[in-house]
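If you're matching them up, the sequences are chains B and L in order.
Each residue of the first sequence is one higher than the last, beginning at 1 in the numbering used here.
Each residue of the second sequence is one higher than the last, beginning at 1001 in the numbering used here.
Each residue gets a CB set at the ideal place from its N, CA and C atoms; glycine is no exception.
There are 2 protein chains.
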Amino acid sequence: MADRPRDHTVPGGGPSMAPAVVLGPEPDDAERARTMAAAITTGTLGTLAIDPPGTPFGSVSPFGLDDAGRPVICISELAEHTRNLRNDARASMLVVEPTAPGGDPLAAGRVTLLGRGVEVDESGREAAKAIHLAANPHAAGYVDYGDFSFWRLEVDAIRYVGGYGRMSWIDAAAWAAARPDPVATFAAGAVEHLNADHADALLLMAQTLAGRGSVTTATAVGIDRLGLELVAVGPDGPGRIRLAFAEPAATPDAIRAATVTLAKAARSA
Amino acid sequence: MADRPRDHTVPGGGPSMAPAVVLGPEPDDAERARTMAAAITTGTLGTLAIDPPGTPFGSVSPFGLDDAGRPVICISELAEHTRNLRNDARASMLVVEPTAPGGDPLAAGRVTLLGRGVEVDESGREAAKAIHLAANPHAAGYVDYGDFSFWRLEVDAIRYVGGYGRMSWIDAAAWAAARPDPVATFAAGAVEHLNADHADALLLMAQTLAGRGSVTTATAVGIDRLGLELVAVGPDGPGRIRLAFAEPAATPDAIRAATVTLAKAARSA
């Protein structure tokens, strides 16, 4: 169901970019989106207003995801969204990656989970409470109030936007089966370390492994369980490079070993 | 149309709070919400999905507000929300105050503007572009792409939540007529200054002007064109205090003079 990439209609042509070099597998959009959403604990709940009738109504909604990627929320009978859900179950949750102050909000990853809100019954309450509280400790202040109840969003369709130019509809079964990448929790630190202490190795990887001999800088921009993402800049502009690890990595030690292996391969290439 | 405050059903009763002391006028919810929204440039656009049919669809949407408080957006024909709007004009914009990292997301102010999306025609394009770009300089990179167009949200209903316990439906005419408080742009600095350098004066204001003689600390938590907000803590717990300025203030100098007047009144009370 992927429908990317498609080009905007750019007057005078877009900025010059070197072609991407993608070597080896990368996470699919289901994994990317689940990984992103797993790190975020507040989204926008979309419901249908009673008045004006059927108008989409966005509200702030802390959530936790269950194992199948369904948002679990805790909402009050005093709130509009609860009245809306009781009137019409159709609902969605938008989850958005944080943007740095002054950053471009449309460069952020985001995923819209579309489906139906279902109130959690007594038998599911403790599990729902545990999922919700693990994500939102603030909720301890109100989860046991008499007017609050837990709801689950049954997810029927998933729209993913991974920043400019990367977007797709994710299959609902793939969403339910996807697992957050364990590397995500320490990837930012690993990227920082590579750029601070191993810039020479990154440049060599871009020049030899990716075959972009004329680039003069290479910056790590991402690491996941399957590989390393660089942006390398040369005479033909900046270009994306993806290098695969020999095998999937899950821990800081495994990531360290995998990048050392890439650096050695770059030197001997 | 105000429907606040209403109580949650609290097992064992809530935390102890001193009664609020509110002296003089305060901004109404229309002004509070317009002031909040004027400082924010990205919201969640709510539209109705084509598939699953009629399901609320949230998407990231930079916006600028026109003089009547209508969000002006710039959206691509490649995006789902644009297809959705062309299929059904019902739409909303959720605007949320930023939350500090680790902060309680439900303590933030937010406003949902509900209405209908209307494409801006050629005669309105330059004005819409100016409003949008003033709020979102990043949009300069794509506003003139052939697949982008400007849309305006005609606002029919406004739901405001000013944090826990403060919520109302704002009248549409009041929303259109409200003006952002000019003091908002420098209020945080003024509050910081008062707490850092004039804690003794704030305490005296709470004890004498607000008649809470037993409080032992008073902290400024907000300033607007009409007055000063404190939280004072005494044996009966923390309590909100609102003190009015003799006349509305709009500039840093006017705020300084107004708070000096309050401090003098507190000393001579």
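Unbroken alpha helix (DSSP H) run spanning M1036 of chain L, endpoints
Residue range D1029 to A1038 is occupied by the alpha helix (DSSP H) that includes M1036 of chain L.
Please list, in chain order, the chain B residues whose beta carbon lies closer than 7 angstroms to that of R1110 of chain L.
V60
How would you label R86 of chain B, buried or exposed, when you count the other beta carbons within 10 angstroms and need 16 or more for buried?
exposed
Collapsed DSSP secondary structure at P62 of chain B in the structure displayed:
strand
For the putative contact between I1158 of chain L and V1072 of chain L, defined by C-beta atoms under 8 angstroms, what is the C-beta separation to the nearest angstrom?
Wrong, their Cβ atoms sit about 17 angstroms apart, outside the cutoff.
DSSP state of P1238 of chain L mapped onto helix, strand, coil:
Correct three-state label for P1238 of chain L: strand.
By how many angstroms is the C-alpha of K264 of chain B removed from the C-alpha of A244 of chain B?
14 angstroms
Under DSSP, the alpha helix (DSSP H) around P71 of chain B begins and ends at which residues?
Segment P71 to S76 is the beta strand (DSSP E) holding P71 of chain B; no alpha helix (DSSP H) there.
Among residues of its own chain, excluding the 5 on either side of I1255 of chain L, which ones have a beta-carbon nearer than 7 angstroms to its beta-carbon?
V1183, A1190, I1223 and A1249
Can you look up M1017 of chain L in the DSSP assignment and give me helix, strand or coil?
coil
Go through its chain and collect everything with a Cβ distance to T44 of chain B's Cβ below 6 angstroms, but skip five positions before and after it.
G58 and L94
Contact criterion: CB-CB distance below 8 angstroms. Does V96 of chain B meet it with respect to chain L?
yes
Counting along the chain, where does the alpha helix (DSSP H) carrying T1261 of chain L start and finish?
P1252 to S1268
Let me know the secondary structure DSSP gives I1131 of chain L once reduced to three states.
helix
Assuming A218 of chain B contacts A206 of chain B (C-beta within less than 8 angstroms), just tell me the rounded distance between them.
4 angstroms
Cβ shell of P105 of chain B (< 6 angstroms), same chain only, five flanking positions each side left out
Hits under 6 angstroms: T99.
CA-to-CA distance, F148 of chain B to Y142 of chain B, given in whole angstroms:
7 angstroms
Quick one: using the 10 Å Cβ neighbour count with 16 as the cut-off for buried, is D29 of chain B buried or exposed?
buried
Mind listing which residues of the segment 1078–1103 of chain L have their C-beta closer than 7 angstroms to chain B's C-betas, in chain order?
L1078, E1080, R1090, A1091, S1092, L1094 and V1096
Find the nearest neighbour of A1033 of chain L within the set L:L1078, L:M1167 and L:V1118, judged by alpha-carbon distance.
L:M1167
Cβ of M1017 of chain L less than 8 angstroms from any chain B Cβ?
no
First and last residue of the uninterrupted alpha helix (DSSP H) at D1197 of chain L
For D1197 of chain L, the enclosing alpha helix (DSSP H) stretches over residues A1184 to D1197.
Who are the near neighbours of G237 of chain B in its chain, counting only those whose CB is closer than 8 angstroms to its CB and skipping five residues on each side?
P15, S16, M17 and A18
Where does A1206 of chain L sit, in a helix, a strand or coil, going by DSSP?
Of the three classes helix, strand and coil, the one that applies to A1206 of chain L here is helix, per DSSP.
Outcome for E126 of chain B when other beta-carbon atoms lying within 10 angstroms are tallied against a minimum of 16
By the neighbour-count rule (16 or more Cβ atoms within 10 Å), E126 of chain B is not buried but exposed.
First and last residue of the uninterrupted beta strand (DSSP E) at L48 of chain B:
L48 of chain B -> beta strand (DSSP E) spans T42 to L48.
I'd like to know whether the C-beta of L209 of chain B is nearer than 8 angstroms to at least one C-beta of chain L.
no
Could you tell me the alpha carbon to alpha carbon distance between V215 of chain B and G1054 of chain L, rounded to whole angstroms?
49 angstroms
Flag A49 of chain B as yes if its beta-carbon sits less than 8 angstroms from any beta-carbon of chain L, otherwise no.
yes
Under the three-state reduction of DSSP, which class applies to P1105 of chain L: helix, strand or coil?
helix
In whole angstroms, what is the alpha-carbon distance linking A1176 of chain L and A176 of chain B?
44 angstroms
Cutoff 8 angstroms: T44 of chain B Cβ touching any chain L Cβ
T44 of chain B counts as touching chain L.
Along the chain, where does the alpha helix (DSSP H) that runs through E1247 of chain L open and close?
Under the DSSP assignment, E1247 of chain L falls outside any alpha helix (DSSP H); it carries neither an H nor an E label.
Taking only beta-carbon atoms, is T1217 of chain L less than 8 angstroms away from chain B?
no
Would a check of beta-carbon distances place G1189 of chain L closer than 8 angstroms to chain B?
no
Sorted by chain position, which residues of the same chain lie with C-beta nearer than 6 angstroms to S1313 of chain L's C-beta, five sequence neighbours on each side aside?
As displayed, chain L neither begins before 1001 nor continues past 1269, which places residue 1313 of chain L out of reach and without an answer.
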